[in-house]
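J.:
So this is what it looks like as structure tokens:
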């Protein structure tokens, strides 16, 4: 089983409109409501790959119950602990005519020490039954920034592989525990290293930084410019095809799911990179978030270029 953890889940309300003019009313052509958050997105894609998954969330209020119902309706296996404050909403306005995307996020909830303790207890009970744990998304409050470290440390002590995809203080704390895989983007890497990255040599230095934390696989995503990957002592540059981009949101989550698929199936690192990059590319080419299919991914695998650079 693959346990996909989201400590700051969100209800994604994707509002599609033909044209939006500031200060005027607009009518949506359609609305899509999704149980969002990085861990949930990864779980959704992995389930489409035919893998056994379980989504663990920290939920609260009416919105938390709604998010759980959404997962139940899509038959996504899930479990949760409950907090006093409500789960947040995310309003994602998609103007199809101009392809302008606008995000509005509600504030994240505060989480008490007792609620954190209950969540970690549930996590440990489930992680011990898992082969891989995926830890994704932001921390809802500063008090939970260290929870990623605690979850990775538990996984390591029990010989469970972990994949980390977060940002800010949570990323800085989490990598100190040495996850098996980490997927920061270039901006997050610049922030955590305190250095501007302008060329390949500086990318290599950043990969060395993550390697010093005993991380086995490092994926630094560069958006439309592909990614740099370090696996053991080998470094790769992955390039993606130039395609019309509809919606980049969720592409990183699809990429993580692709890497997890490769790990589970025991593929070599080159094939694993191709699946991960193809999954992210397939997501960019559609409006729906983290709804890629294996057929869509297969279409792009042959178009991914992987070059060993060190």
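In my numbering, the protein residues as written are 279 to 588. Ideal Cβ placement from N, Cα and C applies to all residues, glycine included.
1. What is the rounded straight-line gap between the Cα of residue 319 and the Cα of residue 299?
2. Going by C-alpha to C-alpha distance, which of 389, 408, 576, 430 sits closest to residue 337?
3. Is the CB-CB distance between residue 508 and residue 521 below 8 Å?
4. So residue 283 is in the beta strand (DSSP E); what residue range does that whole segment cover?
5. Please report the residue range of the alpha helix (DSSP H) in which residue 322 lies.
6. Just checking, does the region 520 to 534 make contact with the region 557 to 571 on the three C-beta pairs under 8 Å criterion?
7. Could you work out which residue in 489, 455, 385, 500 is closest to residue 476 when comparing CA atoms only?
8. Anyone know if the C-beta pair for residue 428 and residue 398 falls short of 8 Å?
9. Could you tell me which residues DSSP puts in a beta bridge with residue 429?
10. Restricting to Cα atoms, I'd like to know which of 366, 486, 332 is closest to residue 357.
11. So the beta strand (DSSP E) residue 336 belongs to, where does it begin and stop?
12. For my contact list, residue 413 and residue 394 are in at a C-beta cut-off of 8 Å; report their separation, rounded to the angstrom.
13. Kindly indicate the opening and closing residues of the beta strand (DSSP E) around residue 483.
14. Using 10 angstroms around the beta-carbon of residue 383, count the other beta-carbons present and answer buried if the total reaches 16, otherwise exposed.
15. Over what stretch of residues does the alpha helix (DSSP H) that includes residue 579 continue unbroken?
16. Could you please give me the residues that DSSP links to residue 439 through a beta bridge?
17. Residues in the same chain with beta-carbon distance under 8 Å from residue 295, minus the five sequence neighbours each way, listed in chain order, please.
18. Among the residues of its own chain, which have a CB less than 6 Å from the CB of residue 311, if the five just before and after it don't count?
19. Which term fits residue 403, buried or exposed, when burial requires 16 or more other beta carbons within 10 angstroms of its beta carbon?
20. Would a C-beta distance cut-off of 8 Å place residue 288 and residue 425 closer than the cut-off?
21. Which residues in the same chain as residue 335 place their Cβ atom closer than 6 Å to its Cβ, once the five residues preceding and following it in sequence are excluded?
22. Suppose contacts are defined by Cβ-Cβ distances below 8 Å. Is residue 368 in contact with residue 314 by that definition?
23. Consult DSSP for residue 583 and reduce its assignment to one of helix, strand or coil.
24. Less than 8 Å between the C-beta atoms of residue 444 and residue 415, yes or no?
25. Which residue marks the beginning of the beta strand (DSSP E) containing residue 550, and which one marks its end?
26. Run through the DSSP bridge pairs and tell me what residue 542 is partnered with.
27. Between residue 453 and residue 516, is the Cβ-Cβ spacing less than 8 Å?
28. What separation, rounded to the nearest whole angstrom, lies between the Cα atoms of residue 554 and residue 542?
29. Can you tell me the Cα-Cα spacing of residue 488 and residue 538, whole angstroms?
30. In the structure shown, what three-state DSSP assignment does residue 389 receive?
31. With H, G and I counted as helix, E and B as strand and the rest as coil, what does DSSP make of residue 444?
T.: Result, derived from the coordinates:
1. As a working mapping, residue 319 is identified with position 41 in the chain shown. As a working mapping, residue 299 is identified with position 21 in the chain shown. Per the coordinates, the alpha-carbon of residue 319 lies some 31 Å from the alpha-carbon of residue 299.
2. One-based indexing of the chain shown puts residue 337 at position 59. When each option's Cα is compared against that of residue 337, the closest is 389.
3. In the chain shown, the residue the question calls residue 508 occupies position 230. In the chain shown, the residue the question calls residue 521 occupies position 243. No, Cβ-Cβ distance for residue 508 and residue 521 is not below 8 Å.
4. If you number the chain shown from 1, residue 283 lands on position 5. Segment 280 to 284, the beta strand (DSSP E) holding residue 283.
5. Along the chain shown, one-based indexing puts residue 322 at 44. It spans 316 to 326 - the alpha helix (DSSP H) in which residue 322 sits, taken as one unbroken run.
6. Inter-segment contact for the region 520 to 534 and the region 557 to 571 is present: three or more beta-carbon pairs are separated by less than 8 Å.
7. To locate residue 476, count along the chain shown from 1; it is residue 198. Measuring from the Cα of residue 476, the nearest candidate turns out to be 500.
8. On the chain shown, position 150 is the one that residue 428 refers to. On the chain shown, position 120 is the one that residue 398 refers to. Contact: yes.
9. On the chain shown, position 151 is the one that residue 429 refers to. According to DSSP, residue 429 shares a beta bridge with no other residue.
10. Within the chain shown, the letter at position 79 stands for residue 357. Among 366, 486, 332, the Cα nearest to that of residue 357 is on 332.
11. Taking the first residue of the chain shown as 1, we reach residue 336 at position 58. Where residue 336 is concerned, the enclosing beta strand (DSSP E) starts and stops at 331 to 338.
12. Position 135 of the chain shown, counted from the start, is the residue given in the question as residue 413. Position 116 of the chain shown, counted from the start, is the residue given in the question as residue 394. About 14 Å separates the Cβ atoms of residue 413 and residue 394, ruling out a contact at the 8 Å cut-off.
13. Within the chain shown, numbered from 1, the residue matching residue 483 stands at position 205. Note, residue 483: premise wrong, no beta strand (DSSP E); alpha helix (DSSP H) at 478 to 489.
14. Taking the chain shown and counting its residues from 1, the one referred to as residue 383 is at position 105. Burial call: exposed.
15. Walking along the chain shown from the start, residue 579 turns up at place 301. The continuous alpha helix (DSSP H) containing residue 579 extends over residues 572 to 579.
16. Here residue 439 is taken as the residue at index 161 of the chain shown, counted from 1. For residue 439, DSSP records a beta bridge to 410.
17. Looking up residue 295 in the chain shown gives position 17. If we look at residue 295 and ignore the five residues flanking it on each side, its Cβ neighbours are 304, 305, 306, 307, 371, 372, 373, 374.
18. In the chain shown, the residue the question calls residue 311 occupies position 33. If we look at residue 311 and ignore the five residues flanking it on each side, its Cβ neighbours are 291.
19. Taking the first residue of the chain shown as position 1, residue 403 is located at position 125. The residue is exposed, with fewer than 16 neighbouring Cβ atoms inside 10 Å.
20. Translated into the one-based positions of the chain shown, residue 288 becomes position 10. Translated into the one-based positions of the chain shown, residue 425 becomes position 147. Taking C-beta atoms as the reference points, residue 288 and residue 425 fail to come closer than 8 Å.
21. By 1-based counting over the chain shown, the position of residue 335 is 57. If you ignore the 5 residues before and after residue 335, its C-beta comes within less than 6 Å of the C-beta of 284, 287, 358, all in its own chain and listed in chain order.
22. Residue mapping note: residue 368 aligns to position 90 of the chain shown, counting from 1. Residue mapping note: residue 314 aligns to position 36 of the chain shown, counting from 1. The Cβ atoms of residue 368 and residue 314 lie closer than 8 Å to each other.
23. Position 305 of the chain shown holds residue 583. DSSP places residue 583 in strand when its eight states are reduced to three.
24. Sequence index remark: in the chain shown, residue 444 carries index 166 (1-based). Sequence index remark: in the chain shown, residue 415 carries index 137 (1-based). Between residue 444 and residue 415, the CB-CB gap stays under 8 Å.
25. Taking the first residue of the chain shown as 1, we reach residue 550 at position 272. Judged by DSSP secondary structure, residue 550 falls outside any beta strand (DSSP E) and instead within the alpha helix (DSSP H) spanning 547 to 562.
26. Indexing the chain shown from 1 puts residue 542 at position 264. DSSP output for residue 542 lists no bridge partner at all.
27. By one-based count along the chain shown, residue 453 stands at place 175. By one-based count along the chain shown, residue 516 stands at place 238. For residue 453 and residue 516, no; Cβs fall outside 8 Å.
28. Counting from 1 along the chain shown, the entry for residue 554 is found at position 276. Counting from 1 along the chain shown, the entry for residue 542 is found at position 264. In this structure, the straight-line span from the alpha carbon of residue 554 to that of residue 542 is close to 13 Å.
29. Position 210 of the chain shown, counting from 1, holds the residue named residue 488. Position 260 of the chain shown, counting from 1, holds the residue named residue 538. Using only the alpha carbons, I get a separation of about 19 Å.
30. Taking the chain shown and counting its residues from 1, the one referred to as residue 389 is at position 111. In the structure shown, residue 389 sits in coil (DSSP, three-state: anything other than H, G, I, E or B).
31. Start at 1 with the first residue of the chain shown, and residue 444 comes out as number 166. Assignment of residue 444 by DSSP, reduced to helix, strand and coil, places it in the coil class.
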